[in-house]
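Chemist:
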Amino acid sequence: MSRPAVRTEALSRDAPLPTAGRAYSVVVLLRGYSGPAGLGDAVRADGSVTLVLPRAWAPASRGPRSLPADGGAQKALEEAARGPILVDTGGPWAREALLEALAGQGVRPDDVTLVVGTHGHSDHIGNLGLFPEAALLVSHDFCLPGGLYLSHGLCEEQPLVLGARLQVWATPGHGGQRDVSVVVEGTSLGTVVVAGDVFERQGDEDSWQSLSEDTVAQQRSRMRILGIADVIVPGHGAPFLVIREGEKRSGNNKES
């Protein structure tokens with residue numbers, strides 16, 4: 001069976017992120033960018049930073065916590081996903097902007113229980129040091145605070161399930177074979193995919209290849225994401241809608 005035709009659209013002003021859901025809300029804290037720096041071929045860039053906030057979490061739930069290691073990576077990931085989750089951290093030059101954006105959502109750095117780094121480039125994981133008490137899933141490396149690394153089975157055929165509506169997918173290509181994306185289902189806008197640099201921005205069809213370490217793998221990752229996403233948060237641009245021919249957006253698993 002052939003795939004339905006897909007197109008993308010900018011999010012309208014009346015449907016911005018943040019978007020709420022029954023299980024998780026998604027907030028783009030800092031919008032990524034990239035462009036000429038005016039110095040020869042130099043580029044000025046920073047990655048998008050996104051907060052995935054469990055509906056059950058509130059500042060009142062703060063307190064001492066420990067993430068279990070004896071149950072392996074799966075149990076630790078599920079426990080870490082009960083608190084605020086940060087997807088990418090931007091570069092170190094955006095430290096103050098990130099702290100201010102978190103505070104605007106009522107989140108302190110020590111509230112964050114899990115940081116997901118979509119890939120290992122400096123404009124996406126440059127502020128990991130702000131979150132020493134969080135579990136870290138950077139590309140495919142998962143560790144608990146203190147540097148305790150746990151193995152897991154993440155691959156393209158097997159996502160990491162963090163909750164009933166929250167997964168981490170292996171989406172190789174841009175940075176090599178170990179890139180990941182975060183999939184949040186059931187929001188008011190449908191399924192939101194925080195894709196790192198699998199998508200640089202809306203309308204990047206003619207440019208992403210030059211930045212890719214594996215164009216075949218990245219094209220495969222892009223098609224997988226386009227097949228399920230209603231909204232994509234790209235690495236260096238504004239979130240955008242995905243429209244699949246013949247599908248009614250009102251039926252796209254929104255807050256169901």
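Per the UniProt record's numbering, residue 1 is the first one in the sequence shown, and the count goes up by one each step.
C-beta atoms are modelled at their ideal positions from N, C-alpha and C, and glycine is treated no differently.
#1: Could you tell me the alpha carbon to alpha carbon distance between Leu162 and Trp169, rounded to whole angstroms?
#2: According to DSSP, simplified to helix, strand and coil, what is Gln219?
#3: Please identify the residue among Leu241, Val233 and Ile243 whose C-alpha is closest to the C-alpha of Val27.
#4: One question on the structure: do Leu67 and Leu144 come within less than 7 angstroms of each other, judged by their Cβ atoms?
#5: Just list the residues that DSSP pairs Val52 with in beta bridges.
#6: Rounded to whole angstroms, what is the Cα-Cα separation between Ala217 and Gly173?
#7: In chain order, what residues of the same chain have a beta carbon less than 7 angstroms from the beta carbon of His121, not counting five sequence neighbours either side?
#8: Helix, strand or coil: which one does DSSP assign to Pro4?
#9: For Pro4, count neighbouring C-beta atoms within 10 Å of its own C-beta (all shown protein chains included) and say buried if the count is 16 or more, exposed if not.
#10: Taking three-plus beta-carbon pairs below 8 angstroms as touching, is the stretch 26 to 46 in contact with the stretch 213 to 230?
#11: Distance, Cα to Cα, Val182 vs Gly40?
#12: Out of curiosity, what's the CA-to-CA distance linking Glu9 and Thr89?
#13: Which full runs of the alpha helix (DSSP H) of 4+ residues lie inside the stretch 72 to 142, going along the chain?
#14: Comparing alpha-carbon positions, which option in Ala20, Thr19, Glu96 and Leu77 lies nearest Thr113?
Modeler: A quick look at the data gives this:
#1: 11 angstroms
#2: helix
#3: Val233
#4: yes
#5: Val26 and Ile85
#6: 5 angstroms
#7: Gly175
#8: coil
#9: exposed
#10: no
#11: 35 angstroms
#12: 26 angstroms
#13: 72 to 80, 95 to 104 and 122 to 125
#14: Leu77
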